[in-house]
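Enquirer: The opening residue of the sequence shown carries number 7 in the working numbering; numbering runs sequentially from there. Ideal placement from N, C-alpha and C gives every residue a C-beta, glycine not left out. None of these values were measured; they are calculated from a predicted model. One structure coming up, written as structure tokens, with questions to follow.
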Amino acid sequence: MILTFFKGLLRELWLLVKDPRGIFMFLVAPLLMNIVVCGAFQNGIVNHIPLAAVEMSSSAKTRELIRAFDESDRFDVTLVLQDLDEAKQKMEEGEVYGIIVIPADYTRSLQLGQQAEVLVGINSANNLVGNSAVVSVMQVVKTVSSQIAVKSYVASGSSVAEGTAKVMPISTVLRPWFNPQFSYLMYLGLGLTGLVYHQLFLSAVAGSFADEKKEGILSGKFRKRDAILYYFDKMLFYGIAGFFNLLLNYAVIMKIYSFPMRGARADFLLLSACFVFCLLGFGALLGLLCKNSLHAMQWLMALTYPFFVLAGFSWPHTEMPDFLVRIANYLPVTHYLGPVRSIILMGIGFERTSLQHNRAMLLTLGIGAFVLSLAVFVWQVCRAEKKQKAAEKNTQTEGVQA
Numbered sequence: 007m008i009l010t011f012f013k014g015l016l017r018e019l020w021l022l023v024k025d026p027r028g029i030f031m032f033l034v035a036p037l038l039m040n041i042v043v044c045g046a047f048q049n050g051i052v053n054h055i056p057l058a059a060v061e062m063s064s065s066a067k068t069r070e071l072i073r074a075f076d077e078s079d080r081f082d083v084t085l086v087l088q089d090l091d092e093a094k095q096k097m098e099e100g101e102v103y104g105i106i107v108i109p110a111d112y113t114r115s116l117q118l119g120q121q122a123e124v125l126v127g128i129n130s131a132n133n134l135v136g137n138s139a140v141v142s143v144m145q146v147v148k149t150v151s152s153q154i155a156v157k158s159y160v161a162s163g164s165s166v167a168e169g170t171a172k173v174m175p176i177s178t179v180l181r182p183w184f185n186p187q188f189s190y191l192m193y194l195g196l197g198l199t200g201l202v203y204h205q206l207f208l209s210a211v212a213g214s215f216a217d218e219k220k221e222g223i224l225s226g227k228f229r230k231r232d233a234i235l236y237y238f239d240k241m242l243f244y245g246i247a248g249f250f251n252l253l254l255n256y257a258v259i260m261k262i263y264s265f266p267m268r269g270a271r272a273d274f275l276l277l278s279a280c281f282v283f284c285l286l287g288f289g290a291l292l293g294l295l296c297k298n299s300l301h302a303m304q305w306l307m308a309l310t311y312p313f314f315v316l317a318g319f320s321w322p323h324t325e326m327p328d329f330l331v332r333i334a335n336y337l338p339v340t341h342y343l344g345p346v347r348s349i350i351l352m353g354i355g356f357e358r359t360s361l362q363h364n365r366a367m368l369l370t371l372g373i374g375a376f377v378l379s380l381a382v383f384v385w386q387v388c389r390a391e392k393k394q395k396a397a398e399k400n401t402q403t404e405g406v407q408a
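Below, the structure written as structure tokens:
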């Protein structure tokens with residue numbers, strides 16, 4: 007039995023080695039895809055948003071406002087126009103993402119001590135750009151308004167400090183923790199790394215089990231005991247290889263893109279091991295229930311975006327309908343992508359009950375999927391064995407009759 011067990015491990019290694027495509031998809035593709043995906047977010051934040059300024063009446067004050075937008079890291083004023091319709095056309099053509107409309111009475115209103123109105127139009131079709139632009143517009147306008155107000159107080163005899171206190175009686179100190187640059191790479195990169203790995207690892211495990219139905223351990227040509235031993239060989243082989251592949255993916259991504267590791271490495275390793283264990287059961291079950299590896303891959307492709315959304319790391323579960331949250335609670339990605347980000351960026355560990363719950367759910371789901379996949383596997387082995395014996399009996403009968 008021990009010899010059969012080790013033969014099974016060597017068999018899994020040989021099946022992978024003789025399939026270059028399988029090696030690439032299992033070991034190389036996750037890393038390459040994660041480098042590319044995270045590389046797309048390398049800048050971290052949306053800067054240099056092109057704007058068009060519509061200057062109804064040019065003056066030093068209007069040019070000061072335009073210059074304030076242009077000098078901001080977030081904006082580039084690429085066009086200064088006199089016609090609003092022309093500016094709208096530039097936005098529709100994608101040349102600019104926003105329009106600053108400075109009315110003709112802007113300078114006069116400021117001179118009279120009245121409130122001057124400025125219209126800022128933002129293309130919110132792209133929500134990332136739209137949200138970033140809206141917040142930054144308010145900051146620029148607030149800064150310019152404060153400067154104008156402080157100057158007027160200073161001109162009337164107040165000091166700069168007194169003028170500032172009158173304009174802004176409440177001082178706010180903003181301390182964004184864990185992701186101070188509001189970087190989309192920090193926000194999405196760790197979760198996308200896990201999701202890419204999740205899909206390709208499931209595909210590899212499911213494809214491996216589905217392919218056994220042709221001439222492998224599910225073809226009826228293996229003894230039941232040997233087939234079951236090979237089942238455990240397959241799970242052990244992919245479990246060990248998959249675990250180290252997951253660690254490699256995160257290590258490379260964190261090194262290339264300078265992610266901090268604020269949590270305990272032991273917590274990260276333990277949660278990752280639970281995640282891989284859970285995926286093994288689900289991958290095996292999917293491969294056993296599908297006709298072939300192509301069928302399994304089609305299912306995984308169809309479920310990629312639902313997994314991405316329901317995982318809760320990009321859109322919070324608190325804003326989802328209750329029935330979708332209940333479904334998400336039974337997905338492995340739900341209990342890994344967000345928690346891993348919390349370990350790495352926030353430094354939390356298993357002393358938190360939320361992380362303990364994630365670990366318990368991964369183990370529970372993994373055990374359930376493992377037991378169910380083993381039951382389906384044994385049933386398919388028995389069925390294949392019966393078909394093989396029936397085929398051999400028919401062959402013998404035909405030989406005697408001949």
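Whole angstroms are fine: how far does the CA of LEU21 sit from the CA of LEU300?
Expert: If you take the alpha carbons of LEU300 and LEU21, they lie about 17 Å apart.
Enquirer: Please confirm if LEU253 has its CB atom under 7 Å from at least one CB of chain D.
Expert: Chain labels in this structure do not include chain D; a single protein chain is all it has.
Enquirer: Taking DSSP as the reference, what is the three-state secondary structure of VAL124?
Expert: Note: VAL124 maps to coil in three-state DSSP.
Enquirer: List the residues that DSSP assigns as beta-bridge partners of PRO56.
Expert: DSSP, once it has assigned bridges, lists ASP82 as partnering PRO56.
Enquirer: Checking the sheet assignment: what are the DSSP bridge partners for LEU276?
Expert: Partner(s): none; LEU276 has no beta bridge.
Enquirer: State the CB to CB distance for the pair LEU285 and PRO36, rounded to an integer number of angstroms; the pair is presumed to be in contact (CB under 8 Å).
Expert: Not confirmed; about 12 Å, so no contact.
Enquirer: Using a Cβ-Cβ cutoff of less than 8 Å, which residues in the same chain neighbour LYS393 once the five nearest sequence positions on both sides are dropped?
Expert: The answer, listed in chain order, is GLY226.
Enquirer: Pick out whichever of ALA161, LEU295, LEU196 has its Cα sitting closest to the Cα of ASP217.
Expert: The candidate whose alpha carbon is nearest that of ASP217 is LEU295.
Enquirer: So, does the stretch 228-246 touch the stretch 339-348, judging by three or more C-beta pairs under 8 Å?
Expert: Touching, no.
Enquirer: Reducing DSSP to helix, strand and coil, say where ILE234 ends up.
Expert: In the structure shown, ILE234 sits in a helix (DSSP, three-state: H, G or I).
Enquirer: Evaluate the contact criterion for the stretch 259-273 versus the stretch 29-49: three or more CB pairs, one atom per stretch, below 8 Å.
Expert: Counting Cβ pairs under 8 Å, three or more are found: they touch.
Enquirer: Check the DSSP bridge columns for ILE106 and list the partner residues they point to.
Expert: Partner(s): ALA59, VAL126.
Enquirer: Got a sec? Which residues, its chain only, sit under 8 Å from TRP321 by beta carbon, not counting five neighbours each side?
Expert: The residues are VAL315.
Enquirer: If we ignore side chains and look at the alpha-carbon of each, how far apart do LEU134 and PRO56 end up?
Expert: If I take the Cα positions, the gap works out to 14 Å.
Enquirer: By DSSP's criteria, LEU291 is part of a beta bridge. Which residues make up the other side?
Expert: LEU291 pairs with nothing; no bridge assigned.
Enquirer: Is it the case that the Cβ atoms of ALA74 and VAL102 are separated by a distance below 7 Å?
Expert: No, Cβ-Cβ distance for ALA74 and VAL102 is not below 7 Å.
Enquirer: Could you tell me the alpha carbon to alpha carbon distance between LEU33 and TYR203, rounded to whole angstroms?
Expert: Their backbone Cα atoms lie some 10 Å apart in a straight line.
Enquirer: How far does the alpha helix (DSSP H) with LYS96 in it reach, from first residue to last?
Expert: From DSSP, the alpha helix (DSSP H) with LYS96 extends over 90-98.
Enquirer: For ASP253, I'd like the list of residues in its chain whose CB is within less than 8 Å of its CB, leaving aside the five on either flank, ordered along the chain.
Expert: Looking at the sequence provided, one finds Leu at residue 253 rather than Asp. Contacts found: LEU275, SER278.
Enquirer: Give me whichever residues DSSP pairs with LEU87 in a beta bridge.
Expert: Answer by DSSP bridge pairing, in chain order: VAL60.
Enquirer: With distances taken from CA atoms, which of ARG80, MET39, ASP79, ILE108 is nearest LYS67?
Expert: Answer by Cα proximity: ILE108.
Enquirer: Does MET326 come out as helix, strand or coil in the three-state DSSP assignment?
Expert: If DSSP states are grouped into helix, strand and coil, MET326 belongs with coil.
Enquirer: Would you grab the beta carbon distance between THR199 and ASN255 for me? Rounded to a whole angstrom, and I think it's under 8 Å.
Expert: With a Cβ gap of about 6 Å, THR199 and ASN255 count as contacting.
Enquirer: Considering THR199, what are the terminal residues of the alpha helix (DSSP H) in which it resides?
Expert: Here the alpha helix (DSSP H) through THR199 covers 190-221.
Enquirer: As a quick exercise: from ILE354, SER115, LEU368, pick the residue whose alpha carbon is nearest that of ALA334.
Expert: Minimum Cα distance to ALA334 is reached at LEU368.
Enquirer: In the stretch 342-367, which residue ranges form an unbroken alpha helix (DSSP H) of at least 4 residues, counting only runs that do not cross its ends?
Expert: Runs of the alpha helix (DSSP H) inside the stretch 342-367: 343-347.
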